[in-house]
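Note sheet for the following structure.
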Amino acid sequence: MPTTIAARERLRPVRRTRTTNARRRESFTAFGMATPAVVLLIVFLVVPVALAFTLAFTDAKLVSPTPARFVGLRNFTLLFQDPTFYKSLRNTAYFAAVVVPLQAGLALVLALLVNAKVRGINFFRTVYFLPVVTSMVVVSLLWTFLYRKDGLVNHVISTLTLGHVEGPDWLGNPATAMPAIILMSVWQGVGFHMIIWLAGLQTIPAELYEAADLDGATRWHRFRHVTWPGLRATRTFVLVTITIAALSLFTQIRVMTQGGPLDSTTTVVYQAVHTGYDQQQTAYAAAVSLIFFVLVLSVSLVQRFLTREKD
Amino acid sequence: MLFRTRRLAAASVAVTAATALVAGCTSGSGSTSGASGDTLTLWTHNAGNSVELDVVKKIIKDFNGSQDKYKVKLQAFPQSDYNNSVVAAASARKLPCLLDVDGPNVANWAWGGYLSPIDVSGSEVPLSDQLASTVGDYKDKLYAFGFYDVSLAFFARKSVLGEHGIRVPTMDKPWTKDEFDAGLAKLKKSGKFEYPLEMGTGGTGEWWSYGYSPQLQSFGGDLIDRDDYKTASGTLDGKNAVEWASWFHSLVANGYMAKKSGADPNKDFLAGKSAIQWDGSWNAAKNAEKLGDDLAIIPPVDFGNGPKIGGASWQWAMSSTCSNKAGAQEWLKFSRQTKYFVDYAKATSTIPATDAAAQQIADYQPGGKFDVLVQFAREYVTVRPATPAYPYISTEFEKAAKDILAGADPKNALGQAAKDIDSNLKTNNYYSN
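Taken in sequence, the protein lines are chains E and G. Going left to right, the first sequence walks through residues 22 to 332 as the working numbering numbers them. Going left to right, the second sequence walks through residues 5 to 437 as the working numbering numbers them.
Here it is, written out as structure tokens:
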């Protein structure tokens, strides 16, 4: 043993120079290739985020004759006394709690349906995917018309019930505004996650299904013991992306309800934009964003922890 | 060796890039902008509003032709993006020399250091000839002036009012609250109108403050205590204001008015869906064309403190960072000719800011069919509070008014708005600097 080590020691200097040189050149190339992305990330992500965090502790305003001053935790004190903020938190949580399981589940069902090998299946895949490629602003505007008191949705309800049920003014009623936005959001976003699930489904080896068939497994057993475990990685991805997207609910609110009626649809991101731009309170909005960042980060960390590899 | 040169090259590229980046961020601070030499940049919110834009273009063309020294270059923005563009340009210190500004924003932009006081003495039209609401003063200094103003009025069909036994009011004897409510009740009872009153409740943004705060003022409330502009409590949520809010909500509760009106309220009125419309004078010409003599232009209801309308529309100003203020002042002075006041008012169907201009427009001259709108603008105007806090106050009032229509408790909704406004004033040190 001692001899081998001594021998290695003697050999090392020569080899090290060669490897370090190659290593250096390699890391140089890597550095060069990463630079554009790193620079862009720093300029457009790290710097703004750092700025926002700093701004949260100042009295910066969108329009102001004086430079921002450090005011400590004042923005946070005001924020925690703001009744709208708690409503925003509640609405955001409500939206995420309904949308995440609903959209993920529906997307999986659609993915299972369009995974069948039938003629013309591409047609259905395209149809389900269409809303995803339509801009959310456009979708929101269209659905605003559909949801009107005399809109298409209520016409359909009235026709189906032979005129017995008259639908409400969906977006004008505090009780129905958020459910209406949830329904529309799921409709718009479900196609995207269907495609993700579909990609996951197609990575599951066909042999496993054949083996399951030979063992006489029922459809449910095949799903439960072959498909579901095979989708482990996809599941985590879908869960995390839907959660983050749901927590950052904004566009629909901005276009359709502006947080109303009676704060029933105001969300954390909407409040940040509204206070920051419409009300010119940059620092306050930065404080809202900081809280939002912490919120999303903790939710994602919890999800990562729960979905970790348990080996 | 080759390796070392390469590393050196890479390092210098990185350093240069970083320097350029830092330089890019800092350059411009403290500098001036908006003009290169004697070519001045002018921004307007009129892209997409070709009739008004044409007048701006005409004045620029005349100005550029009238002398050799200065040249004005136009840049038009869509109205929805205009304010954001100005704010962004101001942060980047890239404001144009000349820009237009919505009346209620003048104080905010002047306080924020965007605008420079202007001097228009010696121009063809003296400032004293103008409607008070078209002059953008802040802290006793002139920052902007407008060529026109708009007015608010009720529009109705005389035939419909007559049919339901409702008096057509005049400026001498406007409707009272009870008379107005009784009229709405009759119209509603007739069953011909799902919602007899149309006040454009489907709109968003500034319309809420512009359209409904005059009614609040007629009740005896206001957006802020105008004695010192330091508090809204007691004014915005006082007894009179709560009375306004209860009445405002009763319009919806009684089915007189839609909680959220359609996409085009004026079209609905002209189609006969509503009997009485509360709207801006900008639709007067369209209404007159469609209804002819049957159109009644009705003064605001007197809810106790006299009929009220808002004032101040788009006005022209000069930026504080303008690098050629002499040139900018020249343009502003040049534009103050009666013929341009006439052109603006004709193009936009608005109220000309001076009597001299009004006399040259058949409909607006004394006795003309829209003369009454000029009278409203002269007699009933209460300008929106000229305080840098106005943009904030306006968003708070909009939210409170929307909540009140949606069924919020009037006292709580107004109380919360007043509390938020007070807190904003306090944290901003009452906008004193």
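Just so it is clear, CB atoms sit at the ideal spot from N, CA and C, and this is done for glycine as well.
Proximity test, residue 267 of chain E beta-carbon vs the ligand ZN heavy atom, cut-off 7 Å: Looking at this structure, you won't find the ligand ZN or any other ligand, since it has none at all.
With a threshold of 8 Å between beta-carbons, can residue 264 of chain G be considered close to chain E, or not? Using a CB distance cut-off of 8 Å, residue 264 of chain G counts as an interface residue toward chain E.
Residues near residue 93 of chain E in its chain [Cβ-Cβ closer than 7 Å; skip 5 each side]: So the qualifying residues of the chain are 78.
Whole angstroms are fine: how far does the CA of residue 272 of chain E sit from the CA of residue 335 of chain E? Residue 335 of chain E is absent from the model: chain E starts at 22 and stops at 332.
Output, in sequence order along the chain, the residues in the region 200–225 of chain G whose CB is closer than 7 Å to any CB in chain E. Those residues of the region 200–225 of chain G that come within reach of chain E (Cβ to Cβ, closer than 7 Å) are 208.
Return helix, strand or coil for residue 302 of chain G, following the three-state DSSP convention. For residue 302 of chain G, the secondary structure class from DSSP, reduced to helix, strand or coil, is strand.
At which residues does the beta strand (DSSP E) containing residue 161 of chain G begin and terminate? Looking at the DSSP string, the run of the beta strand (DSSP E) that includes residue 161 of chain G is 156–161.
How would you call residue 208 of chain G, buried or exposed, if buried means at least 16 neighbouring beta carbons within 10 angstroms? Residue 208 of chain G should be labelled exposed.
Specify, as a first and last residue, the run of the beta strand (DSSP E) that residue 324 of chain G falls within. Looking at the DSSP string, residue 324 of chain G is not in any beta strand (DSSP E), and its letter there is neither H nor E.
Take residue 415 of chain G and list the residues in its own chain whose beta-carbon comes closer than 8 Å to its own, dropping the five residues that flank it on each side. Same-chain partners within the cutoff: 241, 246, 249.
Ignore the nearest five residues each way along the sequence and tell me which others in residue 421 of chain G's own chain have a CB closer than 8 Å to its CB. Only residues of its own chain outside the window of five on either side were considered, and among them 236, 240, 241, 400, 401, 403, 404 have a CB closer than 8 Å to the CB of residue 421 of chain G, listed in chain order.
Is there a C-beta anywhere in chain E that falls below 8 Å from the one on residue 256 of chain G? With 8 Å as the cut-off, residue 256 of chain G does not count as an interface residue toward chain E.
Could you work out which residues of chain E lie near residue 115 of chain G, taking near to mean beta carbons separated by less than 9 Å? Close to residue 115 of chain G, with beta-carbon spacing below 9 Å, are these residues of chain E in chain order: 84, 85, 86.
Is the CB of residue 410 of chain G under 8 Å away from at least one CB in chain E? Taking 8 Å as the CB threshold, residue 410 of chain G lines the interface with chain E.
Residue environment, residue 122 of chain G, which counts as buried when at least 16 other CB atoms sit within 10 Å: Burial of residue 122 of chain G is indicated by the presence of at least 16 other C-beta atoms within 10 angstroms of its C-beta.
With DSSP run on the structure shown, which of helix, strand or coil describes residue 435 of chain G? Helix, per DSSP.
Taking the alpha-carbon positions, what's the residue 370 of chain G to residue 153 of chain G distance? Distance between the alpha carbons of residue 370 of chain G and residue 153 of chain G is about 17 Å.
Please report the residue range of the beta strand (DSSP E) in which residue 76 of chain G lies. Bounds of the beta strand (DSSP E) holding residue 76 of chain G are 75–82.
Using the C-alpha atoms, what's the distance from residue 92 of chain G back to residue 31 of chain G? Since pLDDT at residue 31 of chain G reaches only 39, below the 50 mark, its modelled position is unreliable, and the value read off the structure follows with that caveat. Each residue's Cα considered, the two are about 16 Å apart.
Compile a chain-ordered list of the residues in the region 270–294 of chain E whose CB is closer than 7 Å to at least one CB of chain G. Hits within the stretch, in order: 279, 281, 282, 283.
Does residue 30 of chain G come out as helix, strand or coil in the three-state DSSP assignment? Low confidence applies here, because residue 30 of chain G scores a pLDDT of 40, under 50, leaving its location unreliable and the question unanswered by this model.
Taking the straight line between their C-alpha atoms, what separation do you get for residue 278 of chain E and residue 185 of chain E? So the alpha carbons of these two residues sit roughly 28 Å apart.
Backbone secondary structure at residue 148 of chain G - three-state DSSP: In this structure, DSSP gives residue 148 of chain G an extended state, which the three-state scheme calls strand.
Proximal residues, the region 184–201 of chain E versus chain G, C-beta separation under 9 Å: Going along the region 184–201 of chain E in chain order, one finds 190, 192, 193, 194, 195 with a Cβ nearer than 9 Å to chain G.
How close, in whole Å, do the beta carbons of residue 345 of chain G and residue 151 of chain G come, if the pair is a contact with beta carbons under 8 Å? For a cut-off of 8 Å, the C-beta gap from residue 345 of chain G to residue 151 of chain G is around 5 Å, short enough to register as a contact.
Can you grab the Cα-Cα spacing for the pair residue 100 of chain G / residue 168 of chain E, in whole Å? Those two C-alpha atoms are separated by around 43 Å.
For the region 381–408 of chain G, list every residue whose C-beta sits within 7 Å of some C-beta in chain E, in sequence order. Residues of the region 381–408 of chain G whose Cβ lies closer than 7 Å to any Cβ of chain E, in chain order: 395, 396, 399, 406, 407.
Looking at C-beta atoms only, is the number of pairs between the region 138–150 of chain E and the region 171–190 of chain E that lie closer than 8 Å three or more? Judged by pairs of C-beta atoms under 8 Å, the region 138–150 of chain E does not touch the region 171–190 of chain E, as fewer than three such pairs exist.
Give the secondary structure of residue 214 of chain E by DSSP, where H, G and I count as helix, E and B as strand, and everything else as coil. If DSSP states are grouped into helix, strand and coil, residue 214 of chain E belongs with the helices.
Looking at the C-beta of residue 209 of chain E, does it have a partner C-beta in chain G at a distance below 8 Å? At a cut-off of 8 Å, the C-beta of residue 209 of chain E has no neighbouring C-beta in chain G.
Note down, in chain order, every chain G residue with its Cβ under 9 Å from the Cβ of residue 99 of chain E. Those within 9 Å of residue 99 of chain E in chain G are 427, 431.
Can you give me the C-alpha to C-alpha distance between residue 309 of chain E and residue 109 of chain G, rounded to a whole angstrom? About 26 Å.
Applying the criterion that 16 or more other CB atoms from any shown protein chain within 10 Å of the CB defines a buried residue, is residue 29 of chain G buried or exposed? Model confidence at residue 29 of chain G stands at a pLDDT of 41, short of 50, so the residue's coordinates are unreliable and nothing is read from them.
Beta-carbon contacts of residue 158 of chain G that lie in its chain and below 6 Å, excluding the five residues immediately before and after: Hits under 6 Å: 280, 282, 302.
Out of E/231, E/220, E/322, E/157, which has the shortest C-alpha to C-alpha gap to residue 261 of chain E? For residue 261 of chain E, the closest of E/231, E/220, E/322, E/157 by C-alpha to C-alpha distance is E/322.
Under 7 Å from the C-beta of residue 376 of chain G: neighbouring residues of chain E: Around residue 376 of chain G, no beta-carbon contact reaches into chain E at under 7 Å, the shortest distance being about 35 Å.
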